[in-house]
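A quick write-up on the structure given underneath.
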Amino acid sequence: MKRLWRWLIPLAALPVLVLLAYGFRMSPRDIPSPLLQKPAPAFGLTALDGAPLALASHRGKVVVLNFWASWCYPGCYEEAPVLEKNWRAYRERGVVVLGVAIQDKREAIEKFVKDFGLTFPNAQDVTGTVSVDYGVYGVPETFFLDRQGRIRVKHVSAVTDTVFRDTVERLLAETETR
Amino acid sequence: MRRARVGLLVAALVAAVLSSAAAQPKPVSEDTVHEVAARLRCVVCQNLSVADSPSEMAGQMRAIIRERLAAGESPDEVQRYFVQRYGEWILLSPPRRGFNLLVWLLPLVFVIAGLVVVAVLVRQWTRRPRGAAEPVAVDAAMSERIRREVERGS
Chain S
1010 MKRLWRWLIP
1020 LAALPVLVLL
1030 AYGFRMSPRD
1040 IPSPLLQKPA
1050 PAFGLTALDG
1060 APLALASHRG
1070 KVVVLNFWAS
1080 WCYPGCYEEA
1090 PVLEKNWRAY
1100 RERGVVVLGV
1110 AIQDKREAIE
1120 KFVKDFGLTF
1130 PNAQDVTGTV
1140 SVDYGVYGVP
1150 ETFFLDRQGR
1160 IRVKHVSAVT
1170 DTVFRDTVER
1180 LLAETETR
Chain G
439 MRRARVGLLV
449 AALVAAVLSS
459 AAAQPKPVSE
469 DTVHEVAARL
479 RCVVCQNLSV
489 ADSPSEMAGQ
499 MRAIIRERLA
509 AGESPDEVQR
519 YFVQRYGEWI
529 LLSPPRRGFN
539 LLVWLLPLVF
549 VIAGLVVVAV
559 LVRQWTRRPR
569 GAAEPVAVDA
579 AMSERIRREV
589 ERGS
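So the sequence lines, in the order shown, correspond to chains S and G.
So in the numbering used here, the last one in the first sequence is 1187, and the numbering has no gaps at all.
So in the numbering used here, the last one in the second sequence is 592, and the numbering has no gaps at all.
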């Protein structure tokens, strides 16, 4: 009886330890998006220059949809030049970069775009509808859409050159019929 | 001809009333908005519901809840919309099925196991130790002697 007890207590603690080990090894930032492989939610915003910014008008292109904010430091500050550089490099190959600023002030957004000399379309999501539609929970978050308008990759944290190039090249390589 | 014209007018009026009724947003009680918001996790906070968070994002989410309810969606449909976008992660209490059942059942299992351990220990502690001296049998003479000694002592 005594022998059994001596083993039972550590044994009872084992499943709890396993559960904790599993839980603590998961990154709380890595929440799988249920939107992956699904059609990207449509939206129509007004770009900072006043032009309409609708997802539907970029059908057939690989779309890099970036959610950002001017207060998101350092993530958004690191990726802004990367996005601009790659937008310039890939725009002729059927890739479009769209920026959506969330939870931000208009003046701060305009200053950010000017400071980084961003030339790809950027719009403010005033009501937060677009960010909730995409299940955004922080900035920066970037969605890579294939030519059929499906969400293929969700990247949380700043986009790097490698992430941009690898993902976009992979989506460009897919044939239109997929 | 006149009757036809009156008929047309009535039909037009009915259509107008119906369409305005359909277009008019349903009045939404703040209680319902709060009820749905309280079930959802504020996505930019730690351990706060959308109902309790003062953040801008939570405010926008409450506005979306209000808008969807006004458009005629039920509270469950609004919740489903958020789950479709964020996954079950958005729900403050995980649904009671599958792996999530662990979260609901484990505390109960632990409480029961604890009670069993306490019961076993209490039984062990209160049981007379083996090999303890048997109580001395008290016969009439003995009890008489005890009575006498107690009386003398007092």
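Heads up, the beta-carbon is just placed ideally off N, CA and C, and yes, glycines get one too.
Note that the structure is predicted; figures quoted are calculated from it, not measured.
- In this structure, DSSP gives Lys1163 (chain S) an extended state, which the three-state scheme calls strand.
- Against chain G, the CB of Val1141 (chain S) has a partner CB under 7 angstroms away; the residue lies at that interface.
- Across the structure, His472 (chain G) and Asp1058 (chain S) are spaced so that their CA atoms are roughly 37 angstroms apart.
- In the DSSP assignment, Ala1117 (chain S) forms no beta bridge with any residue.
- Assigned with DSSP and collapsed to three states, Trp1080 (chain S) falls in coil, not helix or strand.
- Tyr1031 (chain S) is outside the set of residues whose beta carbon lies under 7 angstroms from a beta carbon in chain G.
- Contact of Pro1043 (chain S) with chain G by beta-carbon distance below 8 angstroms involves Val521, Gln522, Arg523, Tyr524 and Gly525.
- Counting along the chain, Gly1108 (chain S) sits inside the beta strand (DSSP E) bounded by residues Val1104 to Ile1111.
- At a cut-off of 7 angstroms, the C-beta of Gln1112 (chain S) has a neighbouring C-beta in chain G.
- With 16 or more other Cβ atoms inside 10 Å of its own Cβ, Tyr1099 (chain S) counts as buried.
- As DSSP reads the structure, Pro1061 (chain S) sits in a beta bridge with S:Thr1055.
- In this structure, DSSP gives Val547 (chain G) a helical state, which the three-state scheme calls helix.
- Residues of the segment 1136-1167 of chain S with a Cβ closer than 9 angstroms to any Cβ of chain G, in chain order: Thr1136, Gly1137, Thr1138, Ser1140, Val1141, Asp1142, Tyr1143, Gly1144, Val1145, Tyr1146 and Gly1147.
- Two segments are said to touch when three or more pairs of C-beta atoms, one from each, lie closer than 8 angstroms; by this definition the segment 1151-1171 of chain S does not touch the segment 492-511 of chain G.
- Ile584 (chain G) sits exposed, since fewer than 16 C-beta atoms from the chains shown fall within 10 Å of its C-beta.
- The beta carbon of Ile1018 (chain S) sits no closer than 7 angstroms to any beta carbon of chain G.
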